[in-house]
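Participant: Numbering (our numbering), first residue to last: 1 to 531. A virtual CB, placed ideally from N, CA and C, is assigned to each residue, including glycine. Dropping a structure here in structure tokens format, bear with me for questions.
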């Protein structure tokens with residue numbers, strides 16, 4: 001055989017060559033293959049397999065390796081812009097008569113970890129969209145379901161009904177196929193308007209597009225606390241369970257249409273006081289929505305019940321400072337109850353977050369509290385007070401004192417691993433120091449009506465819960481109609497005073513703070529900005 005032809009065979013059939021051994025490989029190529037092309041190698045192996053005592057699975061392995069080579073050599077170009085979910089055009093589905101052959105090709109496998117077995121197996125071969133790497137694996141039922149849904153244009157709801165599974169399980173199958181690259185999906189439909197958000201060298205383009213949409217859902221006004229800074233103690237119509245389930249269907253449809261993952265952060269009041277919380281939590285999980293809880297300490301048994309349905313992304317509780325001050329704001333004994341509850345969350349391996357509402361009275365307590373919480377929670381951070389509702393009785397620190405506090409806080413982050421970054425104005429400091437910027441309040445600067453919405457028990461939808469920012473009602477309009485409304489767009493665009501700022505995509509200040517200080521948020525910027 002010509003040396004170049006031999007090299008070509010060795011390049012294509014690496015696994016077969018390794019199994020045969022160098023001596024047998026050379027003899028086989030020289031005597032049996034001669035001048036035949038590499039495409040005939042699987043058939044040639046089958047022809048001489050018994051007479052030469054070769055492993056029975058070898059022809060099928062060669063067939064798989066040939067398809068890998070073809071896929072790698074294929075000049076099919078993946079589409080740069082995709083308008084709808086589709087099958088990766090490089091995907092090949094092979095039916096082999098031996099199982100476990102793709103595992104043999106895994107370079108990370110241990111020599112004795114995989115044994116080929118007789119039996120039919122469907123195998124996928126495809127080129128990953130991001131890396132261009134050719135991959136192969138046995139096709140799972142989930143893979144085949146995802147391919148069937150897209151190729152035959154079957155609605156996920158119909159597939160779920162036919163398979164007697166939650167629709168979220170069908171959505172998950174499709175999403176996993178997209179993550180593997182078997183299916184191709186359009187980019188996120190949650191994307192900033194470039195006319196209001198500058199794109200330049202100071203911020204990355206990925207800050208302008210979100211793969212996640214979060215709904216902060218205040219399902220009840222009922223609360224076992226009466227905090228001094230509560231934004232809303234008003235009476236509102238209670239949420240009916242059937243209304244809530246119908247809205248979850250709408251939320252799922254919205255997220256699927258925008259090609260993003262959906263998350264429901266249940267809150268209130270205290271969401272665990274909602275009489276149908278378990279049913280609503282289950283309904284969210286069945287629709288494939290991630291879940292989180294912003295509430296008050298609860299019995300261990302209650303958390304275990306929720307874990308049996310779906311593990312929350314996080315459980316957030318609040319502390320307002322050191323024990324005496326916190327209990328003066330949130331009620332006697334609250335501090336100790338929170339500390340005990342954090343132990344429960346840690347024991348149950350639930351990610352815990354502690355939030356503080358920053359005021360003039362507790363600004364000096366933030367970092368001492370962080371030391372108390374160092375080993376007790378996964379994350380601790382703060383929001384500036386919005387002086388609305390009962391919070392109007394409290395005061396924010398002066399702007400210069402706040403800027404100095406941010407300097408101290410950012411330095412403390414280096415030493416205390418639980419301290420998290422949230423306030424958008426921290427990016428001003430990071431920019432001035434030449435440090436890498438972070439995502440800001442919601443991962444994309446001010447996320448009001450962008451990758452985040454707040455919905456109240458009576459259906460009111462607000463751009464941000466921290467101040468009145470009504471943009472519609474979910475019982476009167478669909479979430480898509482509310483999100484695409486002029487009102488939502490106005491909040492999403494933020495203040496024109498920030499429009500030319502180099503770090504606008506990860507900042508925008510805080511609309512709630514500006515509003516609570518009687519500023520026009522559609523004209524004036526956050527008065528605490530020191531850029």
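1. Excluding the 5 residues flanking residue 74 on each side, which residues of the same chain have their C-beta closer than 7 Å to its C-beta?
2. Tell me whether the beta-carbon of residue 498 lies closer than 7 Å to the beta-carbon of residue 465.
3. Could you work out which residue in 360, 233, 320 and 65 is closest to residue 388 when comparing CA atoms only?
4. Ignoring anything shorter than 4 residues, give me the alpha helix (DSSP H) runs that lie fully in the segment 67-142, in order along the chain.
5. Should the segment 377-385 be called in touch with the segment 322-334, which here means at least 3 C-beta pairs below 8 Å?
6. Tell me whether the beta-carbon of residue 226 lies closer than 7 Å to the beta-carbon of residue 267.
7. Can you give the Cα-Cα distance for residue 247 and residue 238, rounded to whole angstroms?
8. Can you list, in chain order, the residues of its chain with a C-beta nearer than 8 Å to that of residue 191? Leave out the 5 residues immediately preceding and following it.
9. Less than 8 Å between C-beta atoms, sequence neighbours within five positions excluded: which residues of the same chain meet that for residue 530?
10. Distance, Cα to Cα, residue 441 vs residue 414?
11. Can you tell me where the alpha helix (DSSP H) with residue 9 in it begins and where it stops?
12. Let me know the secondary structure DSSP gives residue 383 once reduced to three states.
13. How many whole angstroms separate the CB atoms of residue 511 and residue 527, which I take to be in contact at a CB cut-off of 8 Å?
14. What residues in its chain sit with their C-beta under 6 Å from that of residue 452, if we drop five residues either side in the sequence?
15. Given 8 Å as the limit, is there contact between the segment 98-106 and the segment 31-48, that is, 3 or more CB pairs closer than that?
16. Please report the distance separating the alpha-carbon of residue 303 from that of residue 319.
17. From the DSSP output, read off the bridge partner residues of residue 217.
18. Should residue 76 be labelled buried (16 or more other beta-carbon atoms within 10 Å of its own) or exposed?
19. Go through its chain and collect everything with a Cβ distance to residue 360's Cβ below 7 Å, but skip five positions before and after it.
20. By DSSP, does residue 316 sit in helix, in strand, or in coil?
21. Please list, in chain order, all residues of the same chain as residue 487 whose beta carbon is under 6 Å from its beta carbon, the five residues on each side excluded.
22. Looking only at its own chain, which residues have a Cβ that is under 7 Å from the Cβ of residue 576, when we skip the five neighbours before and after it?
23. Starting from residue 482 and walking both ways along the beta strand (DSSP E), at which residues does that stretch end?
24. Less than 7 Å separating the beta-carbons of residue 184 and residue 255?
25. Leaving aside the five residues before and after residue 353 along the sequence, list all residues of the same chain whose C-beta is less than 6 Å from its C-beta, in chain order.
26. Please say whether residue 123 and residue 68 have beta carbons closer to each other than 7 Å?
27. May I ask you to report which of helix, strand or coil DSSP gives residue 261?
28. Going by beta carbon distance, what residues of the same chain come within less than 8 Å of residue 18, once the five residues before and after it are set aside?
29. Starting from the C-beta of residue 410, find all residues in its chain whose C-beta is less than 7 Å away, skip the five residues before and the five after it, and write them out in chain order.
30. Closest to residue 383 by C-alpha separation, out of 371, 363 and 375, would be which residue?
Facilitator: Based on what the coordinates show:
1. Excluding sequence neighbours, residue 74 sits near 90.
2. no
3. 233
4. 101-104
5. Segments in contact, no.
6. no
7. The straight-line gap from Cα to Cα measures roughly 14 Å.
8. 208, 209 and 210
9. 399, 403, 425 and 428
10. For the pair residue 441 and residue 414, the Cα-to-Cα distance works out to about 19 Å.
11. Residue 9 -> alpha helix (DSSP H) spans 3-12.
12. strand
13. Contact flag wrong, Cβ pair sits at about 12 Å.
14. 214 and 442
15. no
16. 20 Å
17. 266 and 455
18. Residue 76 counts as exposed, since fewer than 16 other beta carbons sit within 10 angstroms of its beta carbon.
19. Taking residue 360 as the centre and dropping the five residues before and after it, the same chain places the C-beta of 395, 396 and 397 closer than 7 Å to its C-beta, in chain order.
20. Note: residue 316 maps to strand in three-state DSSP.
21. 471
22. This structure does not reach residue 576, given that the chain is present from 1 up to 531, and the question cannot be answered.
23. No beta strand (DSSP E) contains residue 482, which is instead part of the alpha helix (DSSP H) from 479-483.
24. no
25. 314, 316 and 379
26. no
27. strand
28. none
29. A distance below 7 Å between beta-carbons, with the five flanking residues on each side excluded, links residue 410 to the following residues of its chain, in chain order: 426 and 429.
30. 363
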